[in-house]
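For reference, the structure is listed below as structure tokens.
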Amino acid sequence: MSQSIVNSHEITQICLLAGKIILQNGGETYRVEDTMVRIAAAYGIDNSHSFVTPTGIIFAIDGSSQMTKLIRINERSTNLLKVSLVNDISRKISTGKLAAGEAHRLLQEIDSNAFVYPSWLKIVAAAIASGCFLIMFQGSWPDALPVMLTSGIGFAFFLQLHRMVPIKFFAEFITALLIGTLSVFFVHKGFGMDLDKIIIGSVMPLVPGLHITAAVRDLMAGHLVSGLSKGAEAFLTAFAIGAGIAAVLSFY
Amino acid sequence: MMMLEQLVTSFIATAAFGLIFNVPKRTLLHCGAVGMIGWLIYVSCTQLNMDAIPSTLIAAFIVTVISQLFAKLYKTPIIVFSVSGIIPLVPGGLAYDAMRNVVEDNYDIAVQLAVKAFMISGAIAIGLVFSEVINQIIRKSERKH
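Next comes the structure, spelled out in structure tokens:
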């Protein structure tokens with residue numbers, strides 16, 4: 001193979017870029033480390049070390065051409081499509097099918113493209129999911145329409161607000177306030193019947209399911225720092241939603 | 001009839017959640033299937049008069065096992081499947097009831113409900129870990145042969 005031509009600088013760049021994309025888009029910490037070490041090994045560097053936390057990656061290679069690099073992660077979102085695309089690329093690299101230059105180009109393409117479903121589709125999905133959750137939690141069918149309305153409006157508001165207010169917990173708190181108020185309003189006007197079920201159903205799209213799963217998987221893989229901080233993120237989100245709803249209920 | 005209703009709604013709800021998490025298009029239906037099976041197991045367990053905590057544990061375990069199978073089969077990260085499958089099991093209703101009782105000054109009931117919600121979250125975590133461990137044991141014994 002042409003390993004000797006590829007210099008360690010480019011390999012470090014590829015590894016960090018792959019790691020950054022996975023971490024930014026909701027992948028687990030152990031997957032980030034695993035992917036980086038695998039890519040490095042496929043390009044002939046066996047002594048690579050990485051330290052990954054939700055806010056930054058440190059990656060180092062040993063040997064004749066030593067190098068250590070740090071990358072800061074500022075924004076995190078959920079885009080599992082990007083995670084699985086990077087996964088495909090790392091799979092190809094480790095079977096030796098992809099040269100370093102080509103891999104770097106592909107990763108940059110993934111990084112710069114958005115690859116998201118349109119916002120309106122996500123809002124519709126949130127509304128439908130809430131309607132379904134209402135039925136799953138033994139709610140009645142006539143309540144489905146108010147739930148879908150509340151949750152759709154709430155989720156659209158959340159997406160918009162999160163764009164303006166970078167503090168996620170604040171956006172979640174305000175959204176929970178809005179959802180609570182809307183539900184109380186609908187029940188008051190006789191449009192909905194069971195207030196509890198309507199609120200539970202509408203709040204579901206905000207529930208931090210991804211963070212809980214990722215936190216547990218990280219803790220199990222021995223990434224204590226990442227696991228705890230992701231757990232804290234999940235807890236704060238749950239707390240923000242709870243506080244928002246509680247505020248509405250205490251006035252009602 | 002009621003079971004059918006539950007199956008259809010849980011399938012749609014989990015697939016919609018997959019959409020919110022931006023999973024690849026080709027895996028949307030699989031996400032729905034994982035969530036549907038998990039919810040089917042949870043509902044059947046509770047109908048057999050099992051407590052919510054062991055029911056959640058079993059359902060979370062099965063969800064992860066199926067997610068691992070799918071992850072291997074379709075060469076896709078496991079988190080794509082397991083995340084949306086776990087969502088219906090999250091004790092949102094209990095947490096809500098707990099909070100409502102806090103607001104109404106019924107702290108004794110609120111603490112009971114909160115502890116129960118916490119235990120169910122723990123059951124989800126243990127279910128995830130259990131199947132993870134079994135998966136690792138199988139993988140290690142495969143490598144030895």
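Top to bottom, those sequences are chains A and B.
Position one of the first sequence corresponds to residue 1 (full-length UniProt numbering), numbered consecutively onward.
Position one of the second sequence corresponds to residue 1 (full-length UniProt numbering), numbered consecutively onward.
Yeah, the Cβ is synthetic: ideal placement off N, Cα and C, and Gly gets one too.
### Query
What residue ranges within the segment 51-77 of chain A form continuous beta strand (DSSP E) runs of no fewer than 3 residues, ordered along the chain?
56-61 and 67-72
### Message
Whole angstroms are fine: how far does the CA of T14 of chain B sit from the CA of G44 of chain A?
### Response
42 Å
### Query
What's the C-alpha gap between F251 of chain A and Q108 of chain A?
51 Å
### Query
Is the segment 42-52 of chain B touching the segment 15-33 of chain B, taking contact as three or more C-beta pairs under 8 Å?
no
### Query
Taking C-beta to C-beta, are F61 of chain B and F130 of chain B nearer than 7 Å?
yes
### Beta carbon proximity, N113 of chain A to chain B, threshold 7 Å
no
### Query
Considering only C-alpha positions, which residue in the set A:P54, A:I179 and A:I21 is nearest to E113 of chain A?
Inspection of the sequence shows that residue 113 of chain A is occupied by Asn rather than by Glu. Considering only alpha carbons, the answer is A:I21.
### Task
Please list the partners that M99 of chain B has in chain A, where partner means a Cβ-to-Cβ separation under 9 Å.
G242, A243, I245, A246 and L249
### Query
From this set, A:P166, A:L85, A:S140 and A:A221, which residue's C-alpha is nearest E33 of chain A's C-alpha?
A:A221
### Message
Could you check whether the Cβ of I5 of chain A sits closer than 7 Å to any Cβ belonging to chain B?
### Response
Reliability of the predicted coordinates at I5 of chain A is poor, the pLDDT of 44 falling under 50, and no value is obtained from them.
### Message
Closest to I20 of chain B by C-alpha separation, out of A:F158, A:T12, A:A125 and A:A99, would be which residue?
### Response
A:A125
### Task
Apply the 10 Å Cβ neighbour rule to Q6 of chain B and answer buried if 16 or more other Cβ atoms are within range, or exposed otherwise.
buried
### Message
Mapping the DSSP letters down to three states, classify S82 of chain B as helix, strand or coil.
### Response
helix
### Query
When you compare each of B:G92, B:A123, B:T56 and B:Q68 to I245 of chain A by their alpha carbons, which one comes out closest?
B:G92
#### Entry: Under 8 Å by beta carbon: chain A residues contacting I12 of chain B
I128, A129 and C132
### Message
At 4 residues or longer, what runs of the alpha helix (DSSP H) sit wholly inside the UniProt domain "Threonine/Serine exporter ThrE" (6-134) of chain B?
### Response
28-47, 52-74, 79-86 and 92-103
### Query
What is the residue span of the alpha helix (DSSP H) that Y30 of chain A lies within?
T29 to A42
### Task
Could you tell me which residues DSSP puts in a beta bridge with H49 of chain A?
A:A60
### Query
At a Cβ threshold of 7 Å, is T56 of chain B touching chain A?
no
### Interface partners of Y30 of chain A on chain B, CB under 7 Å
Those do not exist, as Y30 of chain A stays about 11 Å from chain B at its closest Cβ, beyond 7 Å.
### Of the listed residues A:T12, A:L106, A:T213 and A:V203, nearest to A132 of chain A (C-alpha basis)
The amino acid at residue 132 of chain A is misidentified as Ala; the sequence shows Cys. Here the closest residue by C-alpha is A:V203.
### Query
Per DSSP, what kind of secondary structure is H9 of chain A in: helix, strand or coil?
helix
### Query
If L178 of chain A sits next to G154 of chain A, beta carbons under 8 Å apart, how far is it from one beta carbon to the other, in whole angstroms?
6 Å
### Message
On the criterion of 16 or more Cβ atoms from any shown chain inside 10 Å, does A125 of chain B qualify as buried, or is it exposed?
### Response
buried
### Query
Nearest CA to the CA of A29 of chain A: which residue from A:A215, A:V207 and A:T181?
Correcting the residue type first, residue 29 of chain A is Thr in the shown sequence and not Ala. The shortest C-alpha separation from T29 of chain A is found at A:A215.
#### Entry: Assigned secondary structure, Q136 of chain B (DSSP; H/G/I helix, E/B strand, else coil)
helix
### Query
Helix, strand or coil: how does DSSP classify M193 of chain A here?
coil
### Message
If I measure Cβ to Cβ from V225 of chain A and keep anything under 7 Å in the same chain, skipping five residues before and after, which residues do I get?
### Response
T53
### Message
Less than 7 Å between the beta carbons of I61 of chain A and L70 of chain A, yes or no?
### Response
no
#### Entry: Entirely enclosed alpha helix (DSSP H) segments - the segment 220-251 of chain A, minimum 4 residues
224-251
### Query
If the cut is a Cβ gap below 7 Å, which residues of chain A does A125 of chain B touch?
V216
### Message
Using a Cβ-Cβ cutoff of 9 Å, what residues of the segment 14-35 of chain B are near chain A? List them in chain order.
### Response
T14, A15, A16, F17, G18, L19, I20, F21, N22, V23, P24, K25 and T27
### Task
Take the Cβ of S140 of chain A as the centre, count every other Cβ of all protein chains shown within 10 Å, and call the residue buried at 16 or more, exposed below.
exposed
### Query
If you drop the 5 nearest sequence neighbours on each side, which residues of the same chain put their C-beta closer than 6 Å to that of R72 of chain A?
G56
### Query
If you follow the alpha helix (DSSP H) that D143 of chain A is part of, which residue opens it and which one closes it?
Counting along the chain, D143 of chain A falls outside any alpha helix (DSSP H), and DSSP gives it neither H nor E.
### Message
One question on the structure: do I199 of chain A and S183 of chain A come within less than 7 Å of each other, judged by their Cβ atoms?
### Response
yes
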